[in-house]
Amino acid sequence: MMMPAQTATDFATRKPSKAALQRGVLPMPELEYTDEIAAETAPIYEQVKHVIPPMEWPFHAPYVAAINRLKKERGAVILAHNYQTPEIFHGVSDFRGDSLQLAIEAARSDADLIIQCGVHFMAETSKILCPEKTVLIPDSTAGCSLASSITAADVRELRERYPGVPIITYVNTSADVKAECDICCTSSNAVQVVESMGTDRVLLIPDQYLAKNVARQTDVEVLTYAGSCEVHERFTADEIRSYRRSMPDVQVIAHPECPPEVVDEADFSGSTKGMIDWVKTNRPEKVMMITECSMADNVASEAPEVNFVRPCNLCPHMKKITLPKILDSLLYMQEEVTVDPMVADKARQAVERMINLKS
Ligand code: SF4
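Numbering (my numbering), first residue to last: 13 to 371.
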């Protein structure tokens with residue numbers, strides 16, 4: 013079966029990246045679903061068969077096979093965020109996790125070419141931690157409502173308005189914003205970072221809900237900003253209560269980017285890694301993950317005995333990353349992520365302060 017040509021790039025009409033000039037462009041592989049491709053990708057399909065119907069696999073498999081061959085040829089590693097779709101997450105990635113875990117893996121890896129399957133601030137974070145490597149993102153327009161809610165100029169204004177108050181930035185921000193802040197945090201270590209500052213008051217930006225959820229766990233006064241994740245803020249406490257009425261046996265676990273009244277309705281709240289660990293440790297009969305929809309698919313592939321209830325809120329930015337675009341990245345060395353070296357140096361300090369705190 014010949015697959016439709018989904019690769020959108022017309023390389024000839026675009027200016028090639030520095031990486032493409034250095035490493036060259038590779039020819040487009042055959043994207044036919046043959047018996048050989050079916051056999052080659054069978055072990056991968058075995059892992060995702062609970063979440064990808066058999067009739068869909070012939071569309072994914074030729075890309076999965078081509079990407080896995082090409083990444084070896086390029087000496088690349090592929091990083092996939094927990095919110096990527098299963099055919100990417102389980103099909104082609106070398107490292108999986110949250111944005112910070114991925115950036116740390118990128119720095120540890122011997123590969124000098126990183127393909128970031130996630131949104132733009134994540135690719136920037138990888139570039140900040142490994143400035144000497146080439147970092148590509150399959151679609152540079154994959155943004156984030158949280159990251160775009162605040163600019164470096166906004167942070168400078170906060171600094172003037174609250175002199176002496178440490179500014180902590182959630183990792184979901186641009187390199188420019190990180191460079192203006194004292195330290196980074198993730199959703200799993202935010203309380204620890206807040207308390208490490210040794211002050212009565214901190215600014216925790218830009219996610220107002222994460223900041224409010226953190227404020228309830230510490231005596232430190234946590235000032236915040238008006239940013240929010242468009243995926244997590246859509247969940248409501250009424251919605252959770254209604255699910256519970258129809259399924260009294262369901263366990264509810266929520267991400268702290270959700271509003272506090274939603275977190276109050278949950279049996280557990282934690283980062284994406286915290287939620288995954290909770291499911292793997294507790295193996296509940298039925299669980300509802302109050303977070304981006306693909307994460308439940310990805311965890312379900314590893315815990316098929318757990319019944320996942322999916323109140324499906326998708327992140328439109330994460331969904332811009334597709335197998336055809338990843339293939340384009342490998343063929344045409346696109347789209348290269350760059351960060352001004354001076355900005356990267358300052359942003360790296362904020363990230364490393366947090367990493368050193370962890371250890
Ligand atoms: S899920 Fe929310 S925080 Fe994550 S990339 Fe999408 S908009 Fe940003």
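Yeah, the Cβ is synthetic: ideal placement off N, Cα and C, and Gly gets one too.
Quantities reported herein were computed from a predicted structural model and do not represent experimental measurements.
Beta-ladder partner(s) of residue i, from DSSP
{"i": "residue 298", "result": "319"}
{"i": "residue 235", "result": "215"}
{"i": "residue 280", "result": "265"}
{"i": "residue 245", "result": "Answer is none; residue 245 lacks a bridge partner."}
{"i": "residue 304", "result": "325"}
Minimum C-alpha distance to residue i - residue among the options
{"i": "residue 338", "options": "239, 119, 72 and 262", "result": "72"}
{"i": "residue 328", "options": "255, 65, 244 and 192", "result": "244"}
{"i": "residue 93", "options": "43, 75, 134 and 55", "result": "134"}
{"i": "residue 165", "options": "157, 192 and 145", "result": "192"}
{"i": "residue 366", "options": "206, 265, 189 and 311", "result": "206"}
{"i": "residue 350", "options": "107, 208, 126 and 80", "result": "126"}
{"i": "residue 167", "options": "150, 149, 236 and 222", "result": "236"}
{"i": "residue 217", "options": "239, 276, 200 and 269", "result": "239"}
{"i": "residue 144", "options": "153, 128 and 123", "result": "123"}
{"i": "residue 116", "options": "57, 137 and 265", "result": "137"}
{"i": "residue 247", "options": "303, 229, 282 and 261", "result": "303"}
{"i": "residue 188", "options": "228, 208, 233 and 132", "result": "132"}
{"i": "residue 295", "options": "203, 74 and 265", "result": "265"}
Check: residue i C-beta below 7 Å from any heavy atom of the ligand SF4
{"i": "residue 184", "result": "yes"}
{"i": "residue 330", "result": "yes"}
{"i": "residue 4", "result": "Only positions 13 to 371 of the chain appear in the structure, and residue 4 is not among them; the question remains open."}
{"i": "residue 132", "result": "no"}
{"i": "residue 158", "result": "yes"}
{"i": "residue 62", "result": "no"}
{"i": "residue 136", "result": "no"}
{"i": "residue 348", "result": "no"}
{"i": "residue 270", "result": "no"}
{"i": "residue 243", "result": "yes"}
{"i": "residue 327", "result": "yes"}
{"i": "residue 117", "result": "no"}
{"i": "residue 297", "result": "no"}
{"i": "residue 52", "result": "no"}
{"i": "residue 251", "result": "no"}
Residue i burial status per 10 Å Cβ neighbour count (16 or more: buried)
{"i": "residue 360", "result": "buried"}
{"i": "residue 215", "result": "buried"}
{"i": "residue 36", "result": "exposed"}
{"i": "residue 231", "result": "exposed"}
{"i": "residue 54", "result": "exposed"}
{"i": "residue 287", "result": "buried"}
{"i": "residue 65", "result": "exposed"}
{"i": "residue 301", "result": "buried"}
{"i": "residue 51", "result": "exposed"}
{"i": "residue 330", "result": "buried"}
{"i": "residue 196", "result": "buried"}
{"i": "residue 146", "result": "buried"}
{"i": "residue 211", "result": "exposed"}
{"i": "residue 186", "result": "buried"}
{"i": "residue 129", "result": "buried"}
- [ ] Jot down the residue ranges of each uninterrupted alpha helix (DSSP H) in the stretch 149 to 232, minimum 4 residues, whole runs only, in chain order.
- [x] 164 to 173, 187 to 192, 202 to 208 and 220 to 227
Task: alpha helix (DSSP H) segments (min. 4 residues) lying fully within the stretch 82 to 156 - done: 98 to 101, 111 to 120 and 132 to 141
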